[in-house]
Structure formats: structure tokens, C-alpha cells
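Worksheet for the structure shown next.
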Amino acid sequence: MKDEISRVLTLVEEGKIDKEKASELINILQVEDQSERFSLKKEGSYGNKILKIRVTSEEGDNVNVNLPINLVKAVLKVGTSIAEKIPDAEKYVKDINVDLLIEAIENELDGQIVDITSANGDKVFVVIE
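According to the working numbering, numbering within the sequence shown proceeds without interruption in unit steps and concludes at 981.
Here's what the structure looks like:
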């Protein structure tokens, strides 16, 4: 960005643009630079996170699922509309607020989401790391 601002200042010195136009161009460059940094930060850090689901039962049945957060977001957007068209699946997805889940992901929800221990010792743990 510094190179672009230097070019704008050179144009002012050469009389090719006035101060007002230079100010406008520099403001645009700064806004673009900030949005690029935010975009890279968001994709670079949160986009690489994993949704981890762990289920352990007293009987020794264990489930370990690791899903990239970007895959979870895509499946939430597409999968719900598909599931609603499957007669038996509709009863399982009708009460899930998928928009709320997508919003949580877009707002970079991080850390422990679910931690349940049943009376018989079964455990469910969901975390985004």
C-alpha cells in the first residue's frame, strides 16, 4: 500500500491530480488494505479451525469426529434443505436453527460448545479448535 500512496503523492507533485483527488484515492487504498487484512486474518485463522465431536459411553462405545469448519458451514447451508425433502429426516431438522449455527460460525465462535455427562456416565463434548 505504501507504494500506491507514494505514486498518488508523486501525481500531486507533478500536478496531474489535485489534493482532494489524492485524498480520495488514499482513503480508498486504506479501506481496501484494511479489508484485505481482515479477510486474510479471518480465512487464515478461523477457516483452518476444526469442529471436534467426542462421544464416550460407559459401555466403551466411542465416537471421534473432526470436521473442518468451512465444511461444516457448507453442509449446514446445503444439507438442511436436502434433509427437509427426505420424509423421515424432516422431524430431525425442523427444530434446528441452522441460520443461528451459520451465524455463530461467521462470527467465529470458538472453544467449547457442548459438554454433557449423562446420569449413566455417557459423555458428549463438542469444541471448535
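For glycine and all other residues, C-beta sits at the position ideal for the given N, C-alpha and C. Predicted model only: the values in this text are computed from it and were never measured.
Backbone secondary structure at residue i - three-state DSSP
{"i": "Ile869", "result": "coil"}
{"i": "Leu985", "result": "With the chain running from 853 to 981 in the structure shown, residue 985 is simply not present."}
{"i": "Lys901", "result": "coil"}
{"i": "Asn879", "result": "helix"}
{"i": "Val979", "result": "strand"}
{"i": "Asp951", "result": "helix"}
{"i": "Asn922", "result": "helix"}
Close Cβ partners of residue i (< 6 Å) along its chain, the five nearest in sequence each way excluded
{"i": "Val907", "result": "Val915, Val976"}
{"i": "Leu919", "result": "Leu903"}
{"i": "Thr969", "result": "Lys975"}
Cβ neighbours of residue i in the same chain (closer than 7 Å, five flanking residues each side left out)
{"i": "Val860", "result": "Ala874, Leu877, Ile878"}
{"i": "Tyr898", "result": "Ile921, Glu960"}
{"i": "Val966", "result": "Val976, Phe977, Val978"}
Rounded distance between the beta-carbons of residue j and residue i, thought under 8 Å
{"i": "Gly963", "j": "Val979", "result": "6 Å"}
{"i": "Ile957", "j": "Ile921", "result": "6 Å"}
{"i": "Leu952", "j": "Leu928", "result": "Rounded, the Cβ-Cβ distance is 10 Å, inconsistent with contact."}
{"i": "Leu881", "j": "Glu856", "result": "5 Å"}
Own chain, CB closer than 8 Å to residue i, minus 5 neighbours either side, in chain order
{"i": "Gly834", "result": "The first residue shown for the chain is 853 and the last is 981, placing residue 834 beyond what the model contains."}
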